[in-house]
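Trainee: Just so we're aligned, residue 2 is where the sequence shown starts under the working numbering, counting upward by one.
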Amino acid sequence: TPEEPQAWFNVEDMLAATGLGYAVVRDQVPGRAADKLRIDAWLQRAARNHLAIPGGPSSCCNNHFYRRALYATVIGILNADDDLFRVGVEALMSALHEMGQSGELPREMARENRAAHYQNYALVYLVPIAQLIERQGYAAYELRIDGHSLRDAVGFAMDILENPAELADVVARDQDLGFVEDDQYFAWMEIYLSRFADPRIERWIAPRRPVYSRSAGGHVTLFFWDPDRRSSDAS
């Protein structure tokens with residue numbers, strides 16, 4: 002129900018985890034074409050049914066939207082379903098359209114002392130979406146709206162992770178940084194570093210490896226980390 006949306010959130014999370022996990026192994030399993038078609042179709046129906054339920058005033062358009070867009074993107078790719086794939090593109094464009102001058106995402110800044118957590122959490126889904134879109138041949142990371150790209154949101158996230166007090170004009174000075182103890186929230190960094198060298202991100206993620214995120218890519222360090230890149234990026 003709108004008053005108690007937790008089950009809706011749980012399905013959102015499950016579809017992201019299932020879609021990404023299945024995409025990793027689908028083409029590695031020989032044969033079983035009929036089984037794969039059934040799984041593809043089930044995921045497609047589940048995604049469409051879930052997306053048909055509107056979100057509330059916040060979850061319609063914030064990090065929950067990005068998580069729904071992540072499952073829609075990967076399931077859309079698996080099924081060659083352009084409508085589902087476009088949900089991912091729309092989520093990325095929505096984030097860029099709303100982005101502030103410093104790269105902040107206003108809906109995540111509204112969480113006040115948890116703004117740092119939710120700016121970072123949005124990237125847990127936006128970066129994999131961009132990666133999936135790039136894999137289909139579109140320059141998602143270079144997409145700009147009003148001069149803003151996803152890389153601006155990344156830069157702002159790192160700024161507030163490193164020194165939130167310096168950004169008191171944008172976020173609450175006393176940020177709750179308890180989430181930094183949970184490595185899953187930094188899965189996006191491994192994916193991002195596979196595209197862009199960034200010493201700040203490399204220094205942040207290095208002591209946290211290997212990183213695993215159930216709903217945003219699985220064993221991301223295994224899939225994306227290049228050990229030969231380590232010394233140059235960390236300098």
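Cβ atoms here follow ideal geometry from the backbone N, Cα and C, with glycine treated the same way.
Just how far apart, CA to CA, sit residue 233 and residue 198?
Mentor: Start at 1 with the first residue of the sequence shown, and residue 233 comes out as number 232. Start at 1 with the first residue of the sequence shown, and residue 198 comes out as number 197. Caution is warranted here: a pLDDT of 48 is assigned to residue 233, below 50, making its placement in the model unreliable, and the coordinate value is therefore given only provisionally. Distance between the alpha carbons of residue 233 and residue 198: 9 Å.
Trainee: Which one or two residues does DSSP pair with residue 214 in a beta bridge?
Mentor: Position 213 of the sequence shown, counted from the start, is the residue given in the question as residue 214. Paired residue(s): 219.
Trainee: Could you have a look at residue 146 and say whether DSSP puts it in helix, strand or coil?
Mentor: Locating residue 146 in the sequence shown gives position 145, where the first residue counts as 1. Reduced to three states, the DSSP call for residue 146 is strand.
Trainee: For a quick check, are the C-beta atoms of residue 33 and residue 62 less than 8 Å apart?
Mentor: One-based indexing of the sequence shown puts residue 33 at position 32. One-based indexing of the sequence shown puts residue 62 at position 61. Taking 8 Å as the Cβ cut-off, residue 33 and residue 62 do not qualify as a contacting pair.
Trainee: Given this structure, state the Cα-to-Cα distance separating residue 170 from residue 161, to the nearest angstrom.
Mentor: For the purposes of this step, residue 170 is identified with residue 169 of the sequence shown, where counting begins at 1. For the purposes of this step, residue 161 is identified with residue 160 of the sequence shown, where counting begins at 1. Going by the C-alpha atoms only, they are around 12 Å apart.
Trainee: Cutting at 8 Å between CB atoms, please list the residues of its own chain near residue 83, excluding the five before and the five after it.
Mentor: For the purposes of this step, residue 83 is identified with residue 82 of the sequence shown, where counting begins at 1. Excluding positions up to five away in sequence, the list reads 77.
Trainee: Assign residue 230 to one of two classes, buried (16 or more other C-beta atoms within 10 Å of its C-beta) or exposed (fewer than that).
Mentor: Taking the sequence shown and counting its residues from 1, the one referred to as residue 230 is at position 229. With fewer than 16 other Cβ atoms within 10 Å, it is exposed.
Trainee: Answer with buried or exposed for residue 216, where buried requires no fewer than 16 other C-beta atoms within 10 angstroms of its C-beta.
Mentor: On the sequence shown, position 215 is the one that residue 216 refers to. It counts as buried.
Trainee: In the DSSP assignment, find the unbroken alpha helix (DSSP H) run with residue 33 in it and report its ends.
Mentor: Residue 33 sits at position 32 when you count from the first residue of the sequence shown. Careful: residue 33 lies outside any alpha helix (DSSP H) and carries neither H nor E.
Trainee: For the alpha helix (DSSP H) containing residue 92, list its first residue and its last residue.
Mentor: By one-based count along the sequence shown, residue 92 stands at place 91. Its alpha helix (DSSP H) spans residues 83 to 99.
Trainee: Exposed or buried, which one is residue 191 when buried takes at least 16 other CB atoms within 10 Å?
Mentor: In the sequence shown, the residue the question calls residue 191 occupies position 190. That one is buried.
Trainee: Give me the Cβ distance between residue 126 and residue 71, rounded to the nearest whole Å; I'm assuming they're in contact under 8 Å.
Mentor: Indexing the sequence shown from 1 puts residue 126 at position 125. Indexing the sequence shown from 1 puts residue 71 at position 70. 5 Å between Cβ atoms; contact.
Trainee: Quick check on this structure: which residue in 48, 74 and 189 has the alpha carbon closest to the alpha carbon of residue 137?
Mentor: The count along the sequence shown starts at 1 and reaches residue 137 at position 136. The shortest C-alpha separation from residue 137 is found at 74.
Trainee: Classify residue 176: buried if its beta carbon has 16 or more other beta carbons within 10 angstroms, exposed otherwise.
Mentor: Within the sequence shown, the letter at position 175 stands for residue 176. Buried, because 16 or more other Cβ atoms sit within 10 Å of the Cβ of residue 176.
Trainee: Please name the residue, chosen from 47, 117, 168 and 222, that lies closest to residue 208 on a Cα-to-Cα basis.
Mentor: Residue 208 sits at position 207 when you count from the first residue of the sequence shown. The candidate whose alpha carbon is nearest that of residue 208 is 222.
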